[in-house]
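For reference, the structure is listed below as structure tokens.
Protein chains: 2
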Amino acid sequence: MAGRRNLETAVAETASVTEPGKAPLGRRERNKQEKLERIVGAARRLFHDRGFAETTTQQIAEEADIGTGTLFLYARSKEDLLVMVFRDEMIETARAAFSKPSKAALLDQLVDVFTSMLDYHARDAELARILLKEVMFPDAASKQADITELLEVIHSGLADMVTQACAAGRCDLKANPRRVAENLFANYYMDLLGWLGGRTSRAQFLSHLRQHLAITIGSPA
Amino acid sequence: MAGRRNLETAVAETASVTEPGKAPLGRRERNKQEKLERIVGAARRLFHDRGFAETTTQQIAEEADIGTGTLFLYARSKEDLLVMVFRDEMIETARAAFSKPSKAALLDQLVDVFTSMLDYHARDAELARILLKEVMFPDAASKQADITELLEVIHSGLADMVTQACAAGRCDLKANPRRVAENLFANYYMDLLGWLGGRTSRAQFLSHLRQHLAITIGSPA
DNA sequence: CTTCATTTATGACTATAGTCAGTTTATCTA
DNA sequence: TAGATAAACTGACTATAGTCATAAATGAAG
Chain A
324 MAGRRNLETA
334 VAETASVTEP
344 GKAPLGRRER
354 NKQEKLERIV
364 GAARRLFHDR
374 GFAETTTQQI
384 AEEADIGTGT
394 LFLYARSKED
404 LLVMVFRDEM
414 IETARAAFSK
424 PSKAALLDQL
434 VDVFTSMLDY
444 HARDAELARI
454 LLKEVMFPDA
464 ASKQADITEL
474 LEVIHSGLAD
484 MVTQACAAGR
494 CDLKANPRRV
504 AENLFANYYM
514 DLLGWLGGRT
524 SRAQFLSHLR
534 QHLAITIGSP
544 A
Chain B
324 MAGRRNLETA
334 VAETASVTEP
344 GKAPLGRRER
354 NKQEKLERIV
364 GAARRLFHDR
374 GFAETTTQQI
384 AEEADIGTGT
394 LFLYARSKED
404 LLVMVFRDEM
414 IETARAAFSK
424 PSKAALLDQL
434 VDVFTSMLDY
444 HARDAELARI
454 LLKEVMFPDA
464 ASKQADITEL
474 LEVIHSGLAD
484 MVTQACAAGR
494 CDLKANPRRV
504 AENLFANYYM
514 DLLGWLGGRT
524 SRAQFLSHLR
534 QHLAITIGSP
544 A
């Protein structure tokens with residue numbers, strides 16, 4: 324009973340679309356499902372059009388054609404809504420970034436991967452900053468699931484990349500690949516933060532990122 | 324005129340105490356000075372006693388014996404107040420952490436330094452998380468000065484440490500010491516985040532940090 | 001169809017960060 | 001000292017995220 328969650332786990336975390344062999348999905352379930360989609364859709368549109376800070380929860384509720392209270396049965400907070408809108412996209416982006424096999428030098432592969440992710444973030448700097456902030460600083464236990472899955476995709480993708488490069492003789496790292504992956508991502512995250520926060524230019528960001536990654540994998544920049 | 328700042332630069336950023344050879348410091352200045360001290364003191368007490376979220380700006384104003392509006396002439400936001408309360412302490416902590424000369428292995432020196440900083444943060448996990456969040460994600464230009472100074476102390480301290488260790492033959496790093504320092508701090512930051520966010524235990528945190536730092540400086544863990 | 005229990009929906013309401021038009025206080029000048 | 005100007009102060013006010021007691025909808029059982 325600890326940490327009450329709304330509407331079960333918010334429609335079982337955007338439940339799958341009519342899983343075969345599963346429950347017949349009565350009117351109730353369909354309603355919830357459809358309502359959640361309306362809400363996330365409305366939030367996506369408004370966040371995109373006006374920005375996060377300029378969108379009120381009232382507006383989202385209105386756009387989704389529900390009461391203001393209902394909104395908070397489907398999302399714990401406005402930030403939660405933001406994560407709902409972008410989580411899957413982010414995971415997909417990360418997966419895609421790791422899916423292209425390559426025989427390039429490890430450093431170049433890494434820069435490629437991070438640049439792909441970057442292109443996604445760069446589409447909207449304000450949202451990206453808020454996402455980086457909210458995703459990495461969950462204050463409710465429920466959000467940890469989100470960040471955990473995303474981090475898992477990124478960390479394991481990077482670890483695999485490192486392991487394979489070493490197996491192919493293209494690098495020589497003794498350390499635990501997982502720790503190397505975490506180290507690499509930490510550097511990407513902080514560099515991105517500096518850029519989005521206006522402390523560095525895009526050119527500086529890219530240059531520094533490459534140097535940071537090179538240091539981690541012990542390769543000449 | 325862009326980004327209006329209140330009361331000049333909030334009493335010239337907690338101005339020095341009667342700089343010799345400077346202005347005679349009339350009643351007005353003394354009032355401002357004293358009021359700022361009352362405000363920061365009140366905020367410090369309340370944040371410490373009740374926590375950040377549980378303290379209202381009204382309470383701070385009341386404790387400092389000023390009107391609610393006045394508070395926001397001295398601080399732009401509640402978060403700003405938090406930074407005011409802890410910024411100098413954090414910088415001092417960082418300076419102190421770098422001030423003890425040592426002939427130990429670089430990795431051990433680094434772990435020592437970060438452990439010292441950690442002890443400061445660990446005194447209050449909730450405040451630490453909010454600080455990590457607010458300090459690294461300034462949304463107003465004015466706050467960038469804060470983070471810039473703190474980051475400068477940390478980055479240059481680490482860079483010096485690395486440079487000296489290499490000069491003494493205790494390590495062999497070809498890369499720009501500044502970039503190495505940034506890399507090291509990025510790892511500390513993310514590991515600390517994981518710990519404070521409850522994703523890792525303290526033991527894991529320390530173990531992972533050591534491994535991450537070792538990877539960066541290319542030394543066996 | 002008619003209870004009845006359970007789930008879901010609602011909007012008036014609360015709490016609080018931050019604003020602003022109007023007031024007070026300090027300083028300067030004559 | 002009086003008057004004028006500028007700086008600093010104020011609390012009633014606004015805006016909005018999130019709550020909660022109540023109402024409506026749904027589905028199960030008889």
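Residue numbers (the working numbering), protein chains in the order written: chain A, 324 to 544; chain B, 324 to 544.
Glycine included, C-beta positions come from ideal geometry on N, C-alpha and C.
Residues of chain B with a Cβ closer than 8 Å to the Cβ of L516(A) are, in chain order, M459, F460. When DSSP states are grouped into helix, strand and coil, E377(A) belongs to the coil group. Leaving aside the five residues that flank S439(A) on each side, the residues in its chain whose CB is nearer than 6 Å to its CB run, in chain order, A420.
Contact between the stretch 520 to 527 of chain A and the stretch 513 to 520 of chain B is absent: fewer than three C-beta pairs spanning the two stretches fall below 8 Å. In this structure, E449(A) places its C-beta atom within 8 Å of the C-beta atom of F375(A). Contact of Y397(B) with chain A is not assigned, every C-beta pair being separated by 8 Å or more. Shown here for L394(A): same chain residues with a beta carbon closer than 7 Å to its own, the five before and five after excluded, namely I362, T380, I383, A384 in chain order.
The beta-carbon of M407(A) is placed no less than 8 Å from the nearest beta-carbon of chain B. Contact between N506(B) and H478(A) does not hold, since their C-beta atoms are separated by about 17 Å, which reaches or exceeds 8 Å. Taking all protein chains shown into account, A417(B) has 16 or more neighbouring C-beta atoms within 10 Å of its C-beta and is therefore buried. DSSP, reduced to helix, strand and coil, places L369(A) within a helical segment of the structure shown. Look at T523(A) here: in three-state DSSP terms it is coil, with no helix or strand label. For the stretch 417 to 451 of chain A, there are no residues whose beta carbon sits under 8 Å from a beta carbon of chain B. R410(B): member of the alpha helix (DSSP H) spanning 401 to 422, first to last residue. The Cβ atoms of L405(B) and F370(B) sit closer than 8 Å to each other. For M413(A) against L473(A), the beta-carbon gap comes to about 6 Å, under 8 Å, which counts as contact. By the neighbour-count criterion, in which 16 or more other beta carbons inside 10 Å mark a residue as buried, A427(A) falls on the exposed side. In the three-state DSSP reduction, S542(B) falls in the coil class, being neither helix nor strand. Interface criterion not met: the Cβ of Q382(A) is under 8 Å from no Cβ in chain B. M413(B) is outside the set of residues whose beta carbon lies under 8 Å from a beta carbon in chain A. For R361(B), the three-state secondary structure derived from DSSP is helix. Look at T539(A): its C-beta is under 8 Å from a C-beta on chain B. Taking C-beta atoms as the reference points, T539(B) and T539(A) count as a pair closer than 8 Å. In the DSSP assignment, F395(A) falls within the alpha helix (DSSP H) that extends over 391 to 397. Burial check for R353(B): the Cβ neighbour count within 10 Å stays below 16, so the residue is exposed. Per DSSP, the unbroken alpha helix (DSSP H) holding A445(A) starts and ends at 429 to 445.
By a beta-carbon distance limit of 8 Å, A451(B) does not contact A482(B). Their separation comes to about 24 Å. Nothing from the stretch 351 to 382 of chain B brings a Cβ to less than 8 Å from some Cβ of chain A.
For V503(B), the closest Cβ of chain A is nearer than 8 Å. Residues of the stretch 518 to 536 of chain B whose Cβ lies closer than 8 Å to any Cβ of chain A, in chain order: G520, G521, R522, H531, Q534, H535. Measuring C-alpha to C-alpha distances from E386(A) to each of E360(A), F508(A), A488(A), D403(A) identifies E360(A) as the nearest. Within chain B, the residues whose beta carbon sits less than 8 Å from that of A498(A) are Q534, A537, I538, A544, listed in sequence order.
K401(A) does not reach chain B, its nearest Cβ partner there being about 16 Å away, counting only Cβ pairs nearer than 7 Å.
Assignment of G492(A) by DSSP, reduced to helix, strand and coil, places it in the coil class.
Spatial neighbours of A544(A) in its own chain (CB-CB distance under 7 Å, excluding positions within 5 residues in sequence) are listed in chain order as R533, Q534, A537. With fewer than 16 neighbouring CB atoms inside 10 Å of its own CB, E377(B) falls in the exposed class.
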